[in-house]
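K.L.:
Here it is: the structure, laid out below.
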Amino acid sequence: MLKKFILSFIIVLMTINILHPISISFAANRPITVYLAGDSTVMTYSKEQAPKAGWGQMLSKFLSGDVTIKNFAKGGRSSKTFINEGRLNQILDQIQPGDYLLIQFGHNDEKSIKVDPERKIYTEPSTEYKGYIQQYIWGARQHHAVPVLVTPVERRRFDENGKINSTHTAWTAAMKEVALEEHVPVIDLERSSKELFESLGIEGTKPIFFNVAPGESENYPNGAGDNTHFMEYGAHLMAKLVIDEIKKLDIGLKSYIIETGWQNAAFGLSKNFVVKNKQYDSIVDSNYEGNDGKLVNGRKMYKTVQAAVDGVDKENNTQKTIFIKKGTYKEKLIIDRPHITLIGEDTAETKITYDLPAGALKEDGTKWGMLAASVNIYPLATDFIGINITFENTFDRLEYPGLKDGQALALRNDADRSLFVNCSFLSHQDTLLASFGKANRQFYYKCYIAGDVDFIYGMARAVFEDVDIMSLERDAKKYNGYITAAGTDQESKYGFLIENSRLISNIKKPGTVFLGRPWRQGAQVVYKNCYMGEHISTVGWIDMSNNTAAAARLYEYGSTGPGAVISNTRRVLSDAEAKEYTIEKVLEGWNPMASIDRI
1 MLKKFILSFI IVLMTINILH PISISFAANR PITVYLAGDS TVMTYSKEQA
51 PKAGWGQMLS KFLSGDVTIK NFAKGGRSSK TFINEGRLNQ ILDQIQPGDY
101 LLIQFGHNDE KSIKVDPERK IYTEPSTEYK GYIQQYIWGA RQHHAVPVLV
151 TPVERRRFDE NGKINSTHTA WTAAMKEVAL EEHVPVIDLE RSSKELFESL
201 GIEGTKPIFF NVAPGESENY PNGAGDNTHF MEYGAHLMAK LVIDEIKKLD
251 IGLKSYIIET GWQNAAFGLS KNFVVKNKQY DSIVDSNYEG NDGKLVNGRK
301 MYKTVQAAVD GVDKENNTQK TIFIKKGTYK EKLIIDRPHI TLIGEDTAET
351 KITYDLPAGA LKEDGTKWGM LAASVNIYPL ATDFIGINIT FENTFDRLEY
401 PGLKDGQALA LRNDADRSLF VNCSFLSHQD TLLASFGKAN RQFYYKCYIA
451 GDVDFIYGMA RAVFEDVDIM SLERDAKKYN GYITAAGTDQ ESKYGFLIEN
501 SRLISNIKKP GTVFLGRPWR QGAQVVYKNC YMGEHISTVG WIDMSNNTAA
551 AARLYEYGST GPGAVISNTR RVLSDAEAKE YTIEKVLEGW NPMASIDRI
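Just so we're aligned: 145 in full-length UniProt numbering is position 145 of the sequence shown, and the numbers increase by one with no gaps anywhere.
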């Protein structure tokens with residue numbers, strides 16, 4: 001028994017090393033605390049203030065469990081008022097040897113005399129500001145902690161040439177001078193955020209900054225917004241910039257950085273879509289202990305999502321709404337009837353999950369193939385709507401290196417007029433199958449899709465609007481993956497339209513992910529007005545078996561970001577050609593936005 005345990009332990013260690021190459025030893029990093037001193041761009045916001053967020057509250061997503069984050073940042077504070085209010089002393093009363101203190105000030109230090117006539121907040125950069133920053137450094141060092149300076153993040157202020165109008169460069173320069181004088185590491189967040197914002201442009205930066213339309217958030221029913229603070233998505237991006245800078249520094253903190261996969265990288269969907277019509281026909285609750293279908297307060301109650309779906313008549317001709325309470329529902333879900341709406345209580349905490357690969361065998365000895373998906377939406381399920389739900393397949397092919405057909409579909413959707421809003425699709429290879437066999441019309445709005453190989457594929461006429469497409473690290477020797485694998489029929493004018501979206505990644509090596517490859521020779525994909533990270537290959541597209549990228553219909557238009565490059569293998573549509581690719585034209589005869597307005 002002991003030998004079996006030891007062998008199992010060794011296998012687990014080997015598996016971990018395959019997934020994340022590390023140096024395994026029995027002397028792990030000791031627990032530390034990272035303290036944050038700063039303003040509203042750093043601070044942690046309450047649930048009642050969501051979706052507004054500071055980068056400090058996202059930092060823990062990139063650090064191991066040995067790190068505790070204590071965020072003392074407070075809105076409206078300058079380097080001076082933070083100290084005068086005793087906030088630095090609160091940190092120094094707790095900080096221990098070997099801990100870290102990250103310090104970002106500047107937004108409020110630069111307050112104009114109109115806003116701050118008595119100069120209670122403002123600090124003169126070359127003298128007063130430098131003196132206050134030194135107090136943070138000296139305080140940390142007196143407790144044998146490590147101070148790290150962070151230059152103030154940029155605002156969303158563009159000039160007529162599309163360049164950022166920096167308002168606190170004098171304070172950034174002063175901070176860098178202090179860093180040199182005191183031999184303190186500095187994270188130049190002003191520079192890195194400026195580069196990111198300018199690469200995205202005026203429109204591309206909108207999703208990063210705090211902007212909520214009326215009726216979009218229960219916390220801000222009348223709408224709210226500005227060009228200084230961040231949405232949760234933007235705060236995560238800023239935290240990643242901070243982490244990327246830490247990697248370049250000669251400090252021990254970088255040894256605590258973890259390379260995130262989709263399990264903790266699904267940052268774009270913590271802001272839920274607000275449902276106006278809450279007249280639910282049934283409720284699913286994993287903690288419900290009564291009989292399925294029993295009326296409770298006028299609504300049918302179920303323990304599983306499948307039971308709730310099965311409770312709808314197969315001949316149903318009106319939309320039936322099923323509300324799913326927070327929970328992890330491990331079930332292989334089949335939706336085989338029309339007019340079903342599934343609404344999750346919270347995207348991040350309402351999961352429908354399974355762990356079956358395509359190569360797994362059924363009872364009759366045949367492979368599951370594409371039906372191995374955690375969720376199968378059949379052709380009969382027309383007018384399906386999914387809102388605020390995570391669909392995932394947790395099978396990890398690296399744990400079964402000898403298995404053929406390790407594709408792990410999170411969702412297979414064969415339904416026409418199917419709509420997903422604020423949903424998350426998580427797996428590795430073949431995450432989302434958008435129709436097999438027919439060019440069904442499908443719409444994915446404000447969703448998050450993560451994977452590595454062909455993780456958006458199929459034959460649908462599908463529009464992906466305002467989505468985050470996350471390419472995951474798979475430590476491949478040459479290519480790290482392919483986003484799309486369209487199987488568009490030659491006779492179909494339209495395939496996949498991906499517009500106003502973001503191609504992001506946790507991959508270390510740039511230029512190793514392709515925009516797609518043609519599953520069928522008729523493949524048709526258009527990326528329109530998308531941000532592309534540095535992980536995107538300069539070649540853009542690649543062949544698949546005998547289907548050549550050059551012969552397929554693979555285009556882009558209005559691409560921005562470091563992955564948007566000019567190449568003779570990346571065909572760019574003209575302005576006139578781009579006008580042919582719209583939601584209305586791709587989804588001819590169906591208006592999904594009207595459905596969203598009614599929800």
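Cβ coordinates follow ideal geometry from the N, Cα and C atoms, glycine included. Note that the coordinates shown come from a computational prediction; the quantities given were computed from them, not determined experimentally.
(1) Cutting at 7 Å between CB atoms, please list the residues of its own chain near L587, excluding the five before and the five after it.
(2) In the DSSP assignment, what residue or residues form a beta bridge with I257?
(3) In terms of alpha-carbon separation, which member of R191, E345, M231, A485 lies closest to L432?
(4) Note the first and the last residue of the continuous alpha helix (DSSP H) segment covering D226.
(5) Excluding the 5 residues preceding and the 5 following I164 in the sequence, name in chain order all residues of the same chain whose CB lies nearer than 7 Å to its CB.
(6) Could you pull the DSSP bridge partners for V526 from this structure?
(7) Check A28 in the structure and name its three-state DSSP category.
(8) Just how far apart, CA to CA, sit W368 and E315?
(9) With F323 and I283 assumed to form a contact (beta carbons below 8 Å), what rounded beta-carbon distance in angstroms separates them?
(10) Looking at C-alpha atoms only, which residue of N529, A372, A348 is the closest neighbour of C423?
(11) Based on the DSSP output, what are the partners of I83 in its beta bridges?
(12) Enumerate in chain order the residues of its own chain whose CB-to-CB distance from I387 is below 8 Å, with the five nearest sequence positions on each side excluded.
(13) Which residue marks the beginning of the alpha helix (DSSP H) containing V539, and which one marks its end?
(14) Please give me, in chain order, every unbroken run of the beta strand (DSSP E) with length at least 3 that falls completely inside the region 87-111.
(15) Output the boundary residues of the alpha helix (DSSP H) element that contains L189.
(16) Rounded to whole angstroms, what is the Cα-Cα separation between L295 and M301?
(17) I need the DSSP call for F267, collapsed to helix, strand or coil.
(18) Less than 7 Å between C-beta atoms, sequence neighbours within five positions excluded: which residues of the same chain meet that for G561?
(19) Beta-carbon within less than 8 Å of K320's beta-carbon, same chain only, minus the 5 sequence neighbours each way: which residues are those?
(20) Would G522 and D489 be called neighbours here (beta carbons separated by less than 8 Å)?
(21) Contact between the region 223-239 and the region 169-187: three or more CB pairs below 8 Å?
(22) Could you tell me which of T33, H428, P592 sits nearest to G252, measuring between CA atoms?
(23) Can Q135 be considered in contact with the ligand GTP, in the sense that its beta carbon sits closer than 7 Å to one or more heavy atoms?
(24) State the Cα-Cα distance for the pair Q135 and L249, rounded to the nearest angstrom.
(25) Smallest Cα separation from L92: which of F455, L36, P379, T41?
(26) Rounded to whole angstroms, what's the CA-CA distance from I469 to N506? Just pull it up for me.
(27) Taking DSSP's pairing of strands, which residues face V242 in a bridge?
(28) Quick one: give me the first and last residue of the alpha helix (DSSP H) that L180 is part of.
(29) Looking only at its chain, what residues have a beta carbon closer than 7 Å to the beta carbon of T582, apart from the 5 residues adjacent to it on each side?
(30) Report yes or no: do the region 67-82 and the region 108-122 share at least 3 C-beta pairs separated by less than 8 Å?
(31) What number of angstroms, rounded off, separates the C-alpha of S595 from the C-alpha of I385?
(32) Whose C-beta lies closer than 6 Å to the C-beta of I103 among residues of the same chain, with five residues either side of it excluded?
(33) At the level of alpha carbons, what is the spacing between residue 600 and F455?
(34) Given that a residue counts as buried once 16 or more other Cβ atoms are within 10 Å of its Cβ, and exposed if not, what is L398?
(35) Go through the region 353-414 residue by residue and report every complete run of the beta strand (DSSP E) that reaches 3 residues or more, in order.
(36) Are E465 and Y494 touching if we call contact CB-CB under 8 Å?
P.N.:
Taking the coordinates as given:
(1) Excluding sequence neighbours, L587 sits near R441, F443, R461, V463.
(2) For I257, which the question treats as bridged, DSSP gives the partners L63.
(3) If we check each option's Cα against that of L432, A485 comes out closest.
(4) For D226, there is no enclosing alpha helix (DSSP H); the enclosing beta strand (DSSP E) covers residues 224-231.
(5) Its chain contains E154, R157, F158, K194, F197, E198 as the residues whose beta carbon lies nearer than 7 Å to that of I164, once the 5 sequence neighbours on both sides are disregarded; these appear in chain order.
(6) BP columns for V526 point to L497, Y555.
(7) Note that A28 scores 44 on pLDDT, short of 50, meaning its location in the model is unreliable; the coordinates nonetheless yield the value given after this. In the structure shown, A28 sits in coil (DSSP, three-state: anything other than H, G, I, E or B).
(8) Straight-line measurement puts the Cα of E315 at about 28 Å from the Cα of W368.
(9) Contact flag correct, Cβ pair sits at about 5 Å.
(10) Minimum Cα distance to C423 is reached at A348.
(11) Here I83 is not bridged, per DSSP, to any residue.
(12) Only F273, V275, T341, L342, I343, G344, F420, V421, N422, C423, I599 meet the Cβ criterion.
(13) Note, V539: premise wrong, no alpha helix (DSSP H); not H, not E.
(14) List check, beta strand (DSSP E) in window: 100-103.
(15) That run of the alpha helix (DSSP H) goes 189-204.
(16) For the pair L295 and M301, the Cα-to-Cα distance works out to about 6 Å.
(17) For F267, the predicted structure reports a pLDDT of 43, less than 50, and the residue's modelled location is therefore unreliable. A value from the coordinates is still provided. In the structure shown, F267 sits in a helix (DSSP, three-state: H, G or I).
(18) Excluding positions up to five away in sequence, the list reads S199, L200, Y531, M532, G533.
(19) Taken in chain order, the residues that qualify are D281, S282, V312, H339, I340, T341.
(20) In contact: G522 and D489 (Cβ atoms closer than 8 Å).
(21) Fewer than three pairs of CB atoms, one per stretch, sit closer than 8 Å, so the region 223-239 makes no contact with the region 169-187.
(22) Minimum Cα distance to G252 is reached at T33.
(23) The ligand GTP is not among the ligands present in this structure, which contains no ligands whatsoever.
(24) The straight-line gap from Cα to Cα measures roughly 22 Å.
(25) Of the candidates F455, L36, P379, T41, L36 places its Cα closest to the Cα of L92.
(26) Going by the C-alpha atoms only, they are around 11 Å apart.
(27) Answer by DSSP bridge pairing: none, since V242 is not bridged.
(28) Its alpha helix (DSSP H) spans residues 169-182.
(29) Listed in chain order, the non-local C-beta contacts of T582 below 7 Å within the same chain number zero, local neighbours out to five positions each way being set aside.
(30) Taking a contact to require three or more Cβ pairs closer than 8 Å, the region 67-82 and the region 108-122 qualify as touching.
(31) Taking the CA atoms as reference points, S595 sits about 9 Å from I385.
(32) The answer, listed in chain order, is A37, Y136, L149.
(33) The requested residue 600 does not occur in the structure, where the chain is confined to residues 1 to 599.
(34) By the 10 Å Cβ count, L398 comes out exposed.
(35) Within the region 353-414, the complete beta strand (DSSP E) runs of at least 3 residues are 375-377, 385-387, 390-393, 411-413.
(36) Against a cut-off of 8 Å, the Cβ pair of Y494 and E465 comes out as no contact.
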